[in-house]
Every structure is written in structure tokens, then in C-alpha cells.
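Colleague: For the sequence shown, position 192 (counting from the first letter as 1) is numbered 195 according to the numbering used here, and the numbering increases by one without interruption. C-beta atoms are modelled at their ideal positions from N, C-alpha and C, and glycine is treated no differently. In this text the structure is predicted, and so the values were computed from the model without any measurement.
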Amino acid sequence: MPTSIASAPRPTYTADPGSGSLADVSVVRRQKHPAAQAAPRLLVSWLDQFGMVAPVLRPAQTRSLPDEVFGQLLAEILSGRYAPGSTLPGERGLSDVFQVNRHVVREALKRLEQVGLVKTVHGGGTKVLEFRRSAGLDLLAVIADHPEAMEGMLPLLLSALQMRAVIGVDAARLCAQGASDGLRAELLEAGETLASVAHGPELLPLDQRFWKHLLDGAGNIAYQLAFNSLIRAVHADPGFSLGWLEHELERCDYRRPIARAIRRR
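#1: What is the rounded straight-line gap between the Cα of K130 and the Cα of R235?
#2: Starting from V131, trace the beta strand (DSSP E) both ways and give me its first and last residue.
#3: Three-state secondary structure (DSSP) at V107?
#4: DSSP three-state label for V118, please.
#5: Which one of T90, V103 and L248 has the shortest CA to CA distance from V121?
#6: By how many angstroms is the C-alpha of R258 removed from the C-alpha of G220?
#7: Give the DSSP-derived three-state secondary structure of L25 in the structure shown.
#8: Kindly give me the distance between the Cβ atoms of L177 and N223, rounded to whole angstroms, as I take these residues to be in contact under 8 Å.
#9: Using only CA atoms, which one of Q117, V103, H238 and G88 lies nearest to G127?
#10: Following the continuous alpha helix (DSSP H) through E2, name the residue where it begins and the one where it ends.
#11: Got a sec? Which residues, its chain only, sit under 6 Å from A174 by beta carbon, not counting five neighbours each side?
#12: Do the CB positions of L245 and L207 come within less than 8 Å of each other?
#13: Quick check on G242: buried or exposed, where buried means 16 or more other Cβ atoms within 10 Å of its Cβ?
#14: Can you tell me whether E71 is buried or exposed? The criterion is at least 16 other CB atoms within 10 Å of its CB, across all chains shown.
#15: With distance defined between alpha-carbon atoms, name the residue in E253, E116, E79 and G96 nearest to A198.
#16: Does the Cβ of G74 have 16 or more other Cβ atoms within 10 Å, making it buried, or fewer, making it exposed?
#17: With DSSP as the reference, identify every bridge partner of V124, one or two as the case may be.
#18: Report, in whole angstroms, the separation of the C-beta atoms of L164 and V237, which I expect to be a contact under 8 Å.
#19: Identify, in the order they occur along the chain, each residue of the same chain with its Cβ nearer than 7 Å to the Cβ of H202, setting aside the five sequence neighbours on each side.
As C-alpha cells, this is what we get:
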């Protein structure tokens with residue numbers, strides 16, 4: 004797994020009087036790319052234009068190249084280092100920083116646009132959007148595949164847990180109305196098992212099983228699809244999700260009472 008953008012050392016930049024650009028002198032060069040023989044260049048124009056600190060970008064080294072570039076830009080946008088309304092560096096500038104060809108950069112930017120994080124403006128570059136207004140729940144699934152973006156998403160993960168609670172209330176109602184006797188029994192067994200375990204990494208799959216039974220009983224496909232995105236994002240950081248679940252079970256074991264009430268219907 005690649006090192007998180009947030010935890011990576013910030014590159015050291017030195018001025019190059021001859022070219023009027025900045026040279027990243029701390030980055031590890033990729034030996035198989037021709038551009039690796041020279042330090043990557045960052046264009047002064049876009050740094051000075053926005054008065055911002057140079058983002059912590061580094062040459063792509065793992066996964067597929069477009070996915071690596073996409074993941075790093077995703078992390079920079081979600082963390083706020085590229086603010087809504089700002090413009091990303093051009094394809095040439097990003098190609099130099101990542102030490103990849105422009106086709107790789109173009110594919111990464113296209114993916115960012117598909118998930119609602121940027122918009123390409125003809126003649127105006129690639130603008131960063133306010134993702135709270137432009138993205139959808141599919142962004143949660145994307146984050147789950149790119150842990151380096153997790154730093155800027157803790158507020159969203161908390162919101163996902165709140166949304167789970169809202170969905171859970173109505174899902175429990177629908178489950179009580181329409182679940183089969185066998186599914187009711189499985190739901191109760193899952194709740195009892197969760198309570199008996201209480202701590203440790205096996206809680207996560209047990210909790211997923213509990214919610215799977217509840218949503219299967221509810222029979223609402225939209226709830227199921229939303230929950231898939233929610234749980235995938237929350238469980239992408241086991242340290243966060245496991246700690247939250249253990250605290251939740253200690254504070255209020257609501258799963259067994261819900262399962263028992265549904266079983267009695």
C-alpha cells in the first residue's frame with residue numbers, strides 16, 4: 004500500500020534562476036522513466052497565482068500510473084489543499100511532477116471529473132469543485148480504494164455513520180413488516196454474537212452481517228446500495244471503524260433489542 008500523502012515528507016523546493024521554476028530536490032526518481040534523470044519541474048505561475056504552499060505530490064511509483072496520480076490528486080482536493088474554485092496545474096505541469104506522460108494525467112483528471120471533484124473548462128483549465136455540492140455517494144466507494152485520501156474525510160465518515168443510523172430506523176421498520184421467520188432468527192443470532200464478542204477485529208464482519216440481514220429483511224434496494232457505499236468507506240479505515248464500533252457496543256447495545264423486537268413481530 005502506498006504511503007499516505009498526508010504522512011509523506013513535504014518536498015523541498017529550490018529556485019532555479021535560469022528557468023524561473025522550482026525544482027523538487029527531495030523526491031525519489033523513477034529509474035524507468037526518461038524524466039527520472041532530472042528533478043521534476045513545478046511551474047511558478049500556478050503556485051504564485053493562488054498564493055498556496057506546494058502540494059505534497061510525488062512521482063507515481065505503485066499501482067497503475069493513472070490510479071496513482073488520481074489517488075494523490077484526490078487526497079489533495081479532499082484535504083482542502085486545492086480549495087474549491089482553484090485551478091489544478093496544467094497537464095504538462097502535472098506530467099513533470101508525477102514523471103508520467105500526459106495521457107496518464109489526462110486519464111486521472113477524467114476520473115476526478117467523473118466523481119464530481121473537478122470540471123474541465125475549455126480554455127480555463129481544470130477547476131476544483133465543492134464536492135459537497137457536486138459529488139455523490141459513489142465518492143465513498145472511491146475513498147475506500149484510496150486510503151491516502153482518508154485524512155480529509157473524517158467528517159464525511161462521521162456523517163456516514165449518522166446516515167447509517169437514519170437508514171437503520173426505517174430499515175428496521177420495513178424488516179419487521181416483511182422479513183421471513185428464518186431471516187428474523189438470523190438477525191437475532193447476529194445481534195447476540197456481536198454482544199458476546201464485544202471487542203476485536205472480528206466485530207467488523209459480524210456487524211456487516213447484522214446490517215445485511217436487516218436490509219435483506221427490509222427489501223429496499225436503494226437502502227442497500229447506499230449502505231454498501233457507507234460501510235465500504237467506513238471500514239476502509241479499520242482503526243477508525245473498529246474503535247467506533249467497540250465504543251458503540253459498550254455505550255449502547257441497540258442491536259439486540261432491535262432484533263428481538265423484529266423477531267416478536
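Modeller: In this structure, then:
#1: Locating residue 130 in the sequence shown gives position 127, counting from the first residue. Locating residue 235 in the sequence shown gives position 232, counting from the first residue. Taking the straight line joining both Cα atoms gives about 28 Å.
#2: Taking the sequence shown and counting its residues from 1, the one referred to as residue 131 is at position 128. Unbroken beta strand (DSSP E) run through V131: G128 to V131.
#3: Residue 107 sits at position 104 when you count from the first residue of the sequence shown. Note: V107 maps to helix in three-state DSSP.
#4: One-based indexing of the sequence shown puts residue 118 at position 115. Assignment of V118 by DSSP, reduced to helix, strand and coil, places it in the coil class.
#5: Working through the sequence shown from its first residue, we reach residue 121 at position 118. In terms of Cα proximity to V121, the closest of T90, V103 and L248 is T90.
#6: Numbered from 1 along the sequence shown, position 217 holds the residue referred to as residue 220. Numbered from 1 along the sequence shown, position 255 holds the residue referred to as residue 258. In a straight line, the C-alpha of G220 is about 15 Å away from that of R258.
#7: As a first step, residue 25 is located in the sequence shown; it is residue number 22 there, counting from the start. Residue confidence for L25 is low, a pLDDT of 31 falling below 50, so the modelled location carries little weight and cannot support an answer.
#8: Against the sequence shown, residue 177 aligns to sequence position 174. Against the sequence shown, residue 223 aligns to sequence position 220. With 8 Å as the limit, L177 and N223 qualify as a contact, their Cβ atoms being about 6 Å apart.
#9: Taking the sequence shown and counting its residues from 1, the one referred to as residue 127 is at position 124. Checking every option, the nearest Cα to that of G127 belongs to G88.
#10: The structure shown has nothing for residue 2, since the chain only spans 4 to 268.
#11: Start at 1 with the first residue of the sequence shown, and residue 174 comes out as number 171. In chain order, L217, L218, A221 and Y226 place their CB closer than 6 Å to the CB of A174, counting only its own chain and leaving out the 5 sequence neighbours on each side.
#12: Counting from 1 along the sequence shown, the entry for residue 245 is found at position 242. Counting from 1 along the sequence shown, the entry for residue 207 is found at position 204. Yes. Within cutoff.
#13: Position 239 of the sequence shown holds residue 242. Counting every other CB atom within 10 Å of its CB across the protein chains shown gives G242 a total below 16, marking it as exposed.
#14: Indexing the sequence shown from 1 puts residue 71 at position 68. E71 is buried by the Cβ-count criterion.
#15: Translated into the one-based positions of the sequence shown, residue 198 becomes position 195. For A198, the nearest C-alpha among the options comes from E253.
#16: Within the sequence shown, numbered from 1, the residue matching residue 74 stands at position 71. The residue is buried, with at least 16 neighbouring Cβ atoms inside 10 Å.
#17: Taking the first residue of the sequence shown as 1, we reach residue 124 at position 121. Answer is G128, bridged to V124.
#18: By 1-based counting over the sequence shown, the position of residue 164 is 161. By 1-based counting over the sequence shown, the position of residue 237 is 234. Contact between L164 and V237 holds: their C-beta atoms lie close to 7 Å from each other, under 8 Å.
#19: Position 199 of the sequence shown, counting from 1, holds the residue named residue 202. If you ignore the 5 residues before and after H202, its C-beta comes within less than 7 Å of the C-beta of E249, all in its own chain and listed in chain order.
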